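Below is one structure, written out as structure tokens; comments come after it.
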Amino acid sequence: MASEVEPRLSGATPLIRCVGLQKWYGAIQALKNVDLDVGYGEIIGLVGDNGAGKSTLIKILSGVHPQDEGTIEVEGRMVDITGPRFAMQLGIETIYQYTAMVPEMSIAQNFFIGREPLLWGRRGFGIVDRTRMRQEALDGLRGIELHLRGPDVPVKSLSGGQRQGVAIARAMHFRSKVLILDEPTNHLSVKETHKVLDHVVELKHQGVTSVFISHNLHHVHPISDRIVIMARGEKIADVARGDTSVEEMTRLIS
Ligand SMILES: Nc1ncnc2c1ncn2[C@@H]1O[C@H](COP(=O)(O)OP(=O)(O)OP(=O)(O)O)[C@@H](O)[C@H]1O
Ligand SMILES: [Mg+2]
């Protein structure tokens, strides 16, 4: 099982390799020469103070923004992640900081956002196969205990934890290789938070890598294999979980 594999086999091609990433927003340099390897079947906790560059880094990996300098390889192949759809094709699925879903749309519609199966036609034009969407969403959600009423329910009627759960089920269903979660436990209850953390660990058991961003070090530390700390656009630490503690992480961040 993936969880029993040593996540960082030295010399092996990583799932994702970022080298020398730099990003400016006008005069603000949000990323300064960031190198990051993401291995197979590992959980990386990405932490750092507000404005450290965490979201910027993952937005580059998920195709929201291009980097200004530096390179990205996915499974040994140099890629230019030109947009979110291409990131998804590469197996990189992202759950964003605030909105993991479109609230007005149903669970089934959210499940397939950007990947709607068509009865006929081609991408961007045609008739969407709603029956298949409902059925596949139902199948996909079966693997995850969320107490949902059905696939036609609008996402706005779900709790925060249920929304994150749907997004995680979606990543599992589409066999994503890496799931990036940008503060997925913000605004969640203690119980919902633990469920999301459990799902991330469950994904790892299925061989799916997660990059987990959170300000709560007590959430990050227990589940991560590796902790990456950012400060003012730089990666300042990249350590195995066993080699650091919540106290040390807190000290490094501040
Ligand atoms: N779209 C943008 N336009 C201009 N500046 C931006 C933009 N997005 C981020 N920044 C700036 O880039 C820097 C890094 O921001 P980023 O969102 O990556 O930080 P973060 O580590 O995710 O912080 P937080 O923990 O608060 O979410 C900050 O100085 C921020 O103000
Ligand atoms: Mg952020």
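Under this note's numbering, the first residue of the sequence shown is numbered 17, with each subsequent residue one higher.
Glycine residues also receive a C-beta, built at the ideal position from the N, C-alpha and C atoms.
Note that the structure is predicted; figures quoted are calculated from it, not measured.
DSSP-derived helix/strand/coil call for residue i
i, result
"Asp155", "helix"
"Thr110", "strand"
"Leu25", "Note on Leu25: pLDDT 48, under 50, position unreliable in the model; the coordinate value appears next. Three-state result, Leu25: coil."
"Pro170", "strand"
"Phe228", "strand"
"Val118", "coil"
"Asn202", "coil"
"Ile252", "strand"
"Met265", "helix"
"Gly61", "strand"
"Thr272", "With the chain covering only 17 through 270, there is no way to say anything about residue 272."
Member of the options whose CA lies at the smallest distance from the CA of residue i
i, options, result
"Arg242", "Leu157, Leu162, Ser173 and Tyr56", "Tyr56"
"Pro238", "Arg257, Gly249 and Ile245", "Arg257"
"Leu37", "Gly249, His189 and Gln105", "Gly249"
"Phe128", "Ile44, Val244 and Val182", "Val182"
"Glu109", "Ile229, Arg146, Pro167 and Ser78", "Ser78"
"Glu208", "Ile245, Gly223, His163 and Leu157", "His163"
"Asp155", "Phe141, Met188, Ser205 and Arg138", "Met188"
"Val236", "Ala153, Glu58, Asn49 and Glu161", "Glu58"
"Leu204", "Glu152, Val217 and Leu174", "Leu174"
"Asp259", "Gly142, Val206 and Ser240", "Ser240"
Residues near residue i by beta carbon distance below 8 Å, same chain, minus five either side
i, result
"Leu31", "Val54, Gly55, Tyr56, Val90, Glu91, Lys193, Val194 and Thr225"
"Gly130", "Pro100, Arg101 and Met104"
"Ile74", "Leu62, Thr110, Ile196, Asp198, Val227 and Ile229"
Test: residue i CB closer than 8 Å to a CB of chain B
i, result
"Leu213", "Considering every chain present, this structure includes no chain B. It has just one protein chain."
Residues near residue i in its chain [Cβ-Cβ closer than 6 Å; skip 5 each side]
i, result
"Val212", "Gln180, Pro200 and Thr201"
"Val227", "Ile60, Leu62 and Ile196"
"Ala46", "Lys39, Gly69, Thr72 and Gly249"
"Ala247", "Gly64 and Ala68"
"Ile184", "His215"
"Arg149", "As written in the sequence, residue 149 is Met, which differs from the Arg given in the question. Within the same chain, Met149 has close Cβ partners Ala124 and Phe128."
"Glu132", "Val144"
"Tyr112", "Asp198"
"Gln83", "Leu37, Lys39 and Ile76"
7 Å Cβ shell around residue i - same chain, five flanking residues per side excluded
i, result
"Glu120", "Pro170 and Lys172"
"Asn126", "Met117, Val118, Val171 and Val182"
"Val35", "Asp51, Gly86 and Thr87"
"Leu233", "Val63, Val262, Met265 and Thr266"
Burial state of residue i (16 or more Cβ within 10 Å)
i, result
"Lys251", "buried"
"Ala28", "exposed"
"Leu135", "exposed"
"Ser26", "A caution first: Ser26 carries a pLDDT of 49, below 50, which makes its placement in the model too unreliable to give a value."
"Gln151", "exposed"
"Gly177", "buried"
"Ile44", "exposed"
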